[in-house]
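Step one of this worksheet: look at the structure below.
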DNA sequence: GGCGTAGTTGTTCAAGCGTATAATAACATC
DNA sequence: GATGTTATTATACGCTTGAACAACTACGCC
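Protein chains in written order, with UniProt numbering: chain A, 1 to 209; chain B, 1 to 209.
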């Protein structure tokens, strides 16, 4: 009986592949589907190798969650342009591919369901959430200031919480049942709604569109 | 070795107990924690009994999901009073106990993570979501009409989607990290925001409060 | 008051789980 | 090209899982 030949990959690449395989497993069949054997099969290696890179199954799941959160927030946190443009981009990015799709939601929900149980995951979540909301709050402050309004901290906080909630909710619904909405309907609703919340135009398309 | 004596419960009661035990298991340790043995222990019976009431583990999970969705929506769908009062109650109910708490979120997220995988769960979800949004849309139409505004269907739809999103998002954040917010801060933000979206007062407390 | 039905228990089974470890193959260095 | 290191495989172990089933017991019915 002969051993199979194998490829000896650079450490970073192999870790990345294993995490990617983990996410595939979770997206396809939930956290329960992410067994070390399934992950190994998906990554094209044997199960034992996973323990060579990750101290335990918990560890690979935690790293995988970091990757998920990173992908949900990195694009939005790197918007460019003038304040109005940045705010608008932030909104659009969060409600369109690749941030908004059903795979992202499945992954996100899988981990969220364990946040209240696993303190490690809770810490990772908290970090990601506050980073996201602070980015939004600072975008808002810049935008209000650019429009000549004083950026009252209390109002910025309330606005950031409300807009963050609105974006989260619309993202959720779009991912869960995108076919219930017209093309770009959610983006359009988000822009119009946020204009109403702030009381200033941010370049939303006309409502007739 | 003697058998333990056992209580012969009415069918409805026992099914209810088993589902409740299932929800406890899921809330405490996720879907993976809801094994037939754990459920049985939690319900104070033996594992085999579960198969007497439910054809398979999948079946008890589906029924449990129906219960979760029911609890998240039943209270809000039964508000009473004049249109403004009903709308305000709808908002408050969805952002306060017992609808908004971390256990509800854990349960909800656990199931949501499987919606895209399991068609049965997807159907149950769709039903619950549309029922909820339609209830909101009809509340809005009544409210607008009571204020002498024509209830334009397109606007009602867009408003319902936006408000539903806002409520979902705020509910989510409150459940996930309630300690990041002041007492009733989320309710207050929701009411103020929705007033801005609709363009009419609905009895939100003054912003200074 | 005995009997039949069905709710409930205890036990078993094969499959799959996470983890541990020895053997092996690929690569770096000299 | 021999050698040492380590990434990778293969296999094993102890445990839990969902499911199945036979034995047992509470209760309704006649």
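A virtual CB, placed ideally from N, CA and C, is assigned to each residue, including glycine.
Since we're looking at a predicted model, the values are computed, not measured.
- Proximity of the segment 112-119 of chain B to the segment 117-136 of chain A falls short of the contact definition, fewer than three beta-carbon pairs being nearer than 8 Å.
- Using a 10 angstroms sphere on the CB of residue 4 of chain A, the tally of other CB atoms stays under 16, which defines it as exposed.
- For residue 97 of chain A, the nearest beta carbon of chain B is not closer than 8 Å to its own beta carbon.
- Shown here is that no member of the segment 66-91 of chain A has a Cβ falling below 7 Å from a Cβ of chain B.
- Approximately 6 Å separates the beta-carbon atoms of residue 139 of chain A and residue 90 of chain A; this is inside 8 Å, confirming the contact.
- Within the segment 8-81 of chain B, the runs of alpha helix (DSSP H) at least 4 residues long that lie entirely inside it are, in chain order, 11-33, 36-43, 47-53, 57-73.
- Assignment of residue 100 of chain A by DSSP, reduced to helix, strand and coil, places it in the coil class.
- In the three-state scheme derived from DSSP, where H, G and I count as helix and E and B as strand, residue 119 of chain B is classed as helix.
- Taking residue 111 of chain B as the centre and dropping the five residues before and after it, the same chain places the C-beta of 65, 68, 121 closer than 7 Å to its C-beta, in chain order.
- DSSP, reduced to helix, strand and coil, places residue 142 of chain B within a helical segment of the structure shown.
- For residue 165 of chain A, the C-beta contacts it makes with chain B under 7 Å involve 166, 169, 170, 173, in order along the chain.
- Residues of chain B with a Cβ closer than 7 Å to the Cβ of residue 161 of chain A are, in chain order, 189.
- Of all alpha-carbon atoms in B:61, B:51, B:11, the one lying nearest the alpha-carbon of residue 33 of chain B is that of B:61.
- DSSP, read as helix, strand or coil, puts residue 201 of chain B in coil.
- Contacts between residue 126 of chain B and chain A, judged by CB atoms closer than 7 Å, involve 177 in chain order.
- Put simply, of A:177, A:71, A:96, A:200 the residue whose alpha carbon is nearest the alpha carbon of residue 159 of chain A is A:200.
- For residue 183 of chain A, there are no CB contacts under 6 Å within the same chain when 5 residues up- and downstream are skipped.
- Cβ-Cβ distances below 7 Å link residue 75 of chain A to 93, 99 in the same chain, with the five nearest sequence neighbours on each side left out; the list follows chain order.
- Proximity of residue 114 of chain A to chain B, defined by a Cβ-Cβ separation below 8 Å, is satisfied.
- Two segments are said to touch when three or more pairs of C-beta atoms, one from each, lie closer than 8 Å; by this definition the segment 187-199 of chain B touches the segment 166-174 of chain B.
- Considering only B:27, B:37, B:45, B:21, the residue with the shortest C-alpha distance to residue 9 of chain B is B:45.
- In the DSSP assignment, residue 155 of chain A falls within the unbroken alpha helix (DSSP H) covering 153-177.
- Contact with chain B is found for residue 117 of chain A, since one of that chain's Cβ atoms lies less than 8 Å from the residue's Cβ.
- Residue 162 of chain B and residue 23 of chain A have their C-alpha atoms some 31 Å from each other.
- If you check the CB distance, residue 186 of chain A and residue 105 of chain A do not come in under 8 Å.
- For residue 198 of chain A, the closest C-alpha among the options A:174, A:177, A:147 is that of A:147.
- For residue 135 of chain A, the closest Cβ of chain B is not nearer than 8 Å.
- Using a Cβ distance threshold of 8 Å, residue 174 of chain A and residue 95 of chain A count as a contacting pair.
- For residue 148 of chain B, the three-state secondary structure derived from DSSP is coil.
- In terms of beta-carbon proximity, residue 47 of chain A stays away from the interface with chain B, with every pair separated by 8 Å or more.
- By the criterion of a C-beta distance shorter than 6 Å, residue 21 of chain B is surrounded in its chain by 39, 42, 43, once the five residues flanking it on both sides are discounted.
- Here residue 141 of chain A has 151, 156 as same chain residues with Cβ atoms under 6 Å from its own Cβ, once five neighbours each way along the sequence are excluded.
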